[in-house]
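Peer 1: Next up is a structure, given as structure tokens.
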Amino acid sequence: MLVLSVGAVLLSARAGLCEPNRAKVIADFEGETKFSTDGATAKPATFVTALTASQGRRSLRFVYSGEGADRATIGFPVPDGAQGFNAVAFDLYCEKNNGSSLVVSLRQEVTEPGKAARYTAAVNLSDVMGGWNPVRFVLGAGLVFKQDGGVEPDWSRIRSIN
Numbered sequence: 383m384l385v386l387s388v389g390a391v392l393l394s395a396r397a398g399l400c401e402p403n404r405a406k407v408i409a410d411f412e413g414e415t416k417f418s419t420d421g422a423t424a425k426p427a428t429f430v431t432a433l434t435a436s437q438g439r440r441s442l443r444f445v446y447s448g449e450g451a452d453r454a455t456i457g458f459p460v461p462d463g464a465q466g467f468n469a470v471a472f473d474l475y476c477e478k479n480n481g482s483s484l485v486v487s488l489r490q491e492v493t494e495p496g497k498a499a500r501y502t503a504a505v506n507l508s509d510v511m512g513g514w515n516p517v518r519f520v521l522g523a524g525l526v527f528k529q530d531g532g533v534e535p536d537w538s539r540i541r542s543i544n
């Protein structure tokens, strides 16, 4: 069984082409939070709770009983894209680990069938046990662009963080 809590999810900017010290809140769980979930063989249980929180009063709790190579996802919509940002950051609390990795994927909108584009990074959950851990992935330093069908990278077309 896998039990995670996720704190506020942010897009942020780091020095360079982006404006430093700027952030866009994607989900803070204090008010209405939009997200979707899916699982390969079992749907994860997800709920906003005050049981644990890294910032504010609430976090999102994610409980999944899948085993082996089974997968589950949670997705947060990114309204208006991610132009002007180059990093994703969130707090993660892994309460119970089943040997899993957390793959973070920023998905880019594509208009042609058969094409896909995303930026990905991974966290070994055994590295984030025992309390809240800040997680930050920066473009070119952990966050890698992957595509199918010749799609060019474009952060203004990012539509979800999964």
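Each residue of the sequence shown is one higher than the one before, starting from 383 at the first, in the numbering used here. Ideal placement from N, C-alpha and C gives every residue a C-beta, glycine not left out. Note that this is a predicted model, so its numbers are computed, not measured.
Given that a residue counts as buried once 16 or more other Cβ atoms are within 10 Å of its Cβ, and exposed if not, what is leucine 433?
Peer 2: When all chains shown are included, leucine 433 counts as exposed.
Peer 1: Are glycine 496 and serine 441 touching if we call contact CB-CB under 9 Å?
Peer 2: No, they are not a contact pair.
Peer 1: Residue ranges of each beta strand (DSSP E) run of no fewer than 3 residues wholly in the segment 481 to 538, ordered along the chain?
Peer 2: If we require 3 residues or more, the beta strand (DSSP E) runs fully inside the segment 481 to 538 come out as 483 to 490, 498 to 506, 514 to 521 and 524 to 530.
Peer 1: Work out the CA separation of glutamate 412 and serine 436 for me, nearest whole Å.
Peer 2: The alpha-carbon atoms of serine 436 and glutamate 412 are separated by roughly 12 Å.
Peer 1: Given a cut-off of 9 Å on the beta-carbon distance, is the pair phenylalanine 472 and valine 517 in contact?
Peer 2: Yes; because the gap between Cβ atoms is below 9 Å, this pair is in contact.
Peer 1: Under a three-way DSSP split, which group does serine 441 fall into?
Peer 2: Note: serine 441 maps to strand in three-state DSSP.
Peer 1: For the beta strand (DSSP E) containing lysine 478, list its first residue and its last residue.
Peer 2: It spans 469 to 478 - the beta strand (DSSP E) in which lysine 478 sits, taken as one unbroken run.
Peer 1: Which residues mark the beginning and the end of the beta strand (DSSP E) in which phenylalanine 429 is found?
Peer 2: Looking at the DSSP string, the run of the beta strand (DSSP E) that includes phenylalanine 429 is 427 to 431.
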